[in-house]
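Asker:
In the UniProt record's numbering, the protein residues as written are 1 to 135.
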């Protein structure tokens, strides 16, 4: 069975877009910071002999590890530097041509199942008199 380009794009497109947005939002720095906190919590808890003292030392901000310093430095760099890029006119033409060549998905006629018997009244009358067991 040979996979078509549409199947490959559907299978890889959304995860790649999510990964790109995660990176653009600074998610990689959050992951590094979480790893650094985990390592610090483990190390400081072992040094002090208490989990609570290790957590206090980890999250106080007074004893950052080297990874925490690098994450803070990178965060400051990203906040200072605006995202500037040069647009190439040739690339713009290719993007427009590629967008024009993409086929629109075929429309489907979707009908919803609504049957009369779901919302209709009873066909037979209830038993008279009402049975005692039903009361």
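Backbone N, C-alpha and C define an ideal beta-carbon position, used for all residues, glycine too.
Nothing here was measured: the structure is a model prediction, and the numbers come from that model.
Please return the same chain residues whose Cβ sits closer than 8 angstroms to the Cβ of residue 53, not counting the five positions on each side in sequence.
Answerer: Here residue 53 corresponds to residue number 53 of the chain shown, with the count starting at 1. Same-chain partners within the cutoff: 44 and 45.
Asker: Alpha carbon to alpha carbon, how far is residue 74 from residue 106?
Answerer: Reading the chain shown from its first residue, position 74 is the one you call residue 74. Reading the chain shown from its first residue, position 106 is the one you call residue 106. Approximately 46 angstroms between the Cα atoms of the pair.
Asker: Quick check on the DSSP output: the alpha helix (DSSP H) that includes residue 172 runs from which residue to which?
Answerer: What is shown of the chain runs 1 to 135, which leaves residue 172 out entirely.
Asker: For residue 39, I'd like the list of residues in its chain whose CB is within less than 8 angstroms of its CB, leaving aside the five on either flank, ordered along the chain.
Answerer: Start at 1 with the first residue of the chain shown, and residue 39 comes out as number 39. Around residue 39: 65 and 67.
Asker: How big is the Cα-Cα spacing for residue 7 and residue 14?
Answerer: Taking the chain shown and counting its residues from 1, one reaches residue 7 at position 7. Taking the chain shown and counting its residues from 1, one reaches residue 14 at position 14. Distance between the alpha carbons of residue 7 and residue 14: 12 angstroms.
Asker: Could you give the distance in angstroms between the alpha-carbon of residue 62 and the alpha-carbon of residue 56?
Answerer: To locate residue 62, count along the chain shown from 1; it is residue 62. To locate residue 56, count along the chain shown from 1; it is residue 56. Going from the Cα of residue 62 to the Cα of residue 56 covers about 10 angstroms.
Asker: Kindly indicate which three-state DSSP category residue 56 falls into: helix, strand or coil?
Answerer: Counting from one through the chain shown, the residue named residue 56 turns up at place 56. Three-state result, residue 56: helix.
Asker: Identify the continuous alpha helix (DSSP H) that holds residue 68 and give its terminal residues.
Answerer: Within the chain shown, numbered from 1, the residue matching residue 68 stands at position 68. It spans 66-80 - the alpha helix (DSSP H) in which residue 68 sits, taken as one unbroken run.
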